[in-house]
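In UniProt numbering, the protein residues as written are 1 to 731.
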């Protein structure tokens with residue numbers, strides 16, 4: 001079942017043989033609870049109390065996320081016993097990880113350019129790594145000491161594979177050739193030529209007699225390792241072949257391609273056996289499970305899929321990566337799947353925990369704009385997937401999907417009476433929508449380039465728009481006709497905003513300036529300078545006395561609307577500030593940034609009140625509800641989060657039990673993190689993929705084991721939980 005509770009007490013509750021996928025247990029007291037055979041995938045345990053829990057035989061697809069690389073992760077490889085994982089990245093580092101704890105064991109350097117491919121020898125002692133300058137290094141896995149340096153490929157080494165006995169290393173390069181190396185002697189023994197494009201993947205058969213290769217020339221080739229001769233050329237893919245993998249019994253070969261398909265081939269005859277379709281972009285990696293019953297595939301569509309080899313049916317879809325899935329690898333026992341991505345992360349998945357049981361809704365691309373209806377009951381979201389979604393916040397269900405734009409949605413705005421919604425898009429158009437019917441009213445054409453911003457006048461009769469064509473336009477909402485054009489900015493107009501009384505319009509631009517316009521005359525009142533970079537958003541305070549602006553220069557500025565004078569700066573963000581919004585009472589200002597944080601500011605004092613994290617990519621939009629203590633954020637990670645600010649300073653009743661065990665704590669309580677979760681929490685997350693959250697959860701004693709016996713407190717810790725006793729080592 002999918003449950004939605006918040007700030008409830010479930011002390012000593014016993015649950016077994018149940019699905020709690022996506023359950024919302026924010027700030028709940030689950031102390032003393034006993035869970036057995038319960039699926040907690042995608043559950044939200046932010047701020048929960050977890051004292052003396054006995055959670056056994058849990059199911060959860062996400063095991064750990066390993067974040068330490070500074071650029072995208074190209075390749076990963078398990079050690080033979082499955083206890084360690086090696087990764088290489090575009091950041092030019094190779095890292096060794098403890099799979100059980102997620103801790104980095106060591107970091108290896110040595111490549112002048114970023115390591116492109118890695119492979120661990122069957123005995124687990126030697127690591128082969130190939131890079132962009134054509135060199136291959138053989139190193140001791142434990143010490144990182146270089147044993148040998150091999151040079152053959154004049155270009156990138158795209159793939160490496162050890163033979164099952166570890167005596168031969170195969171390498172495939174961008175120079176279209178494959179090299180076979182004598183590992184003991186460190187010399188090249190054979191060169192296999194035939195491909196007319198870059199070789200992207202090489203793999204030995206389980207018996208070591210055959211080598212498979214996939215190439216940009218759209219072909220797969222099977223080679224006799226002893227003779228150095230081609231056995232078969234397998235044609236069928238209509239795009240480059242990124243990955244090949246033999247089944248454990250050696251009878252079948254799987255391949256993944258730019259044509260979005262996976263193909264199974266009969267190794268003995270070279271004939272195509274089966275086509276698998278499901279991914280909506282290039283298939284970059286394929287990997288058989290050790291028992292040969294399943295095939296995992298990773299794609300440029302950011303997803304991982306597990307397929308039944310016998311039937312060809314998809315069994316599981318794993319979402320979580322927010323960029324292409326570069327490589328996949330099974331542990332030797334087949335229980336854990338590792339994935340690495342261009343999002344710079346490595347994820348470990350429990351592939352035996354079962355299939356997600358409900359369909360999640362959400363956008364398929366960046367969430368660029370958000371707007372609450374005037375009554376706070378509906379949230380609208382505009383996305384890079386060309387769609388606008390309307391959400392009923394009471395039921396937390398999608399009401400309508402508004403389709404019509406042919407490109408990214410950049411801005412949305414409700415009319416003051418809540419009956420209409422305006423949207424601006426990269427397709428150069430503005431559209432007006434009937435919110436009740438979910439239908440388009442007007443399509444407003446006139447801008448010659450993308451429309452960055454739309455805003456209704458307070459009386460709802462006019463709509464203002466700002467565009468890359470450097471103009472501001474006023475539209476008659478009733479007729480859809482153009483009323484007025486304003487020119488003055490010397491670059492794209494990123495943001496337009498009416499003053500609360502409707503007499504003035506503010507605009508922010510890529511020319512680094514802000515301008516205040518007289519709505520009645522169309523004349524410019526003030527030109528405000530101070531920002532050192534683009535101004536993506538401007539916003540009036542509810543009383544109209546202050547104008548706030550944010551900039552790519554990482555700052556927020558407050559201006560006196562009456563005089564046009566600069567009042568103060570709000571500094572703290574470490575990257576561009578992309579969106580700002582005043583609270584309904586004007587006392588607070590929320591800001592969203594490329595530094596992945598949301599900050600709440602005290603407007604009068606000019607001081608930061610809270611710093612919030614949760615999104616994993618740039619936060620493009622932030623918007624307060626008329627309810628006052630609710631605001632929403634939208635991100636490039638394709639998710640929407642609703643946050644609730646708990647006013648007051650009293651700690652919730654369920655947290656009073658902390659006092660009873662405080663003397664037993666062996667480690668200090670992270671009070672700042674705890675209080676932050678207590679005062680500002682994510683009360684709803686809308687996304688197409690489930691995501692387990694436990695930020696600020698307090699754990700004291702108890703057990704949290706999955707069905708494999710893995711201690712899940714490492715996962716809780718990685719997700720921001722506070723472990724109040726030191727029974728396990730996290731340093």
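A virtual CB, placed ideally from N, CA and C, is assigned to each residue, including glycine. The structure presented is a predicted model; accordingly, all values stated were derived computationally and were not measured.
Separation of residue 393 and residue 378 (C-alpha to C-alpha, rounded to the nearest whole angstrom) is 6 Å. With fewer than 16 other Cβ atoms inside 10 Å of its own Cβ, residue 106 counts as exposed. Looking at the DSSP output, residue 615 sits in no beta bridge, so it has no partner there. Nearest in C-alpha terms to residue 701, of all of 722, 135, 283, is 722. Beta-bridge annotation (DSSP): residue 195 is not paired with any residue.
Taking C-beta atoms as the reference points, residue 687 and residue 45 fail to come closer than 7 Å. Within the same chain, and ignoring the five residues on either side of residue 643 in sequence, the residues whose Cβ sits closer than 8 Å to its Cβ are 598, 612, 630, 631, 632, 633, 680, 681, 682, 683.
Just so you know, the alpha carbons of residue 315 and residue 186 end up roughly 43 Å apart. Close CB contacts of residue 37 within its chain, under the 6 Å cut and outside five residues either way in sequence, are with 16, 17, 57 (chain order).
Comparing alpha-carbon positions, the option among 71, 60, 121, 709 lying closest to residue 85 turns out to be 121. With 16 or more other Cβ atoms inside 10 Å of its own Cβ, residue 573 counts as buried.
In this model, residue 376 and residue 624 are separated by some 9 Å (Cα to Cα).
Counting along the chain, no beta strand (DSSP E) covers residue 449, and no H or E run does either. In the same chain as residue 232, and ignoring 5 residues on each side of it, the C-beta atoms closer than 6 Å to its own belong to 222, 270, in chain order.
At the C-beta level, residue 382 and residue 412 come within 7 Å of one another.
Distance between residue 608 and residue 322, taken at the CA atoms: about 29 Å. Distance check between residue 541 and each of 515, 497, 387 places 497 closest, using alpha-carbon atoms only.
The beta carbons of residue 509 and residue 531 sit no closer together than 7 Å. Contact annotation, residue 575 with residue 367: C-beta distance approximately 18 Å; criterion of less than 8 Å not satisfied. DSSP, read as helix, strand or coil, puts residue 10 in coil. Membership of residue 715 in the alpha helix (DSSP H) is indicated by the continuous run 713-718.
DSSP places residue 396 in the coil class of the three-state scheme, outside both helix and strand. Taking 7 Å as the cut-off, the Cβ atoms of residue 427 and residue 449 do not count as close. It is roughly 26 Å from the alpha-carbon of residue 299 to the alpha-carbon of residue 401. For the 7 Å CB-CB criterion, residue 421 and residue 380 form a contact. In this structure, DSSP gives residue 100 a state outside helix and strand, which the three-state scheme calls coil. Your pair residue 306 and residue 283 does not check out as a contact, with CB atoms roughly 13 Å apart and the cut at 8 Å.
Here residue 198 is near residue 216, since their CB atoms are less than 7 Å apart. Boundaries cannot be given for residue 259, as no beta strand (DSSP E) includes it and DSSP labels it neither H nor E.
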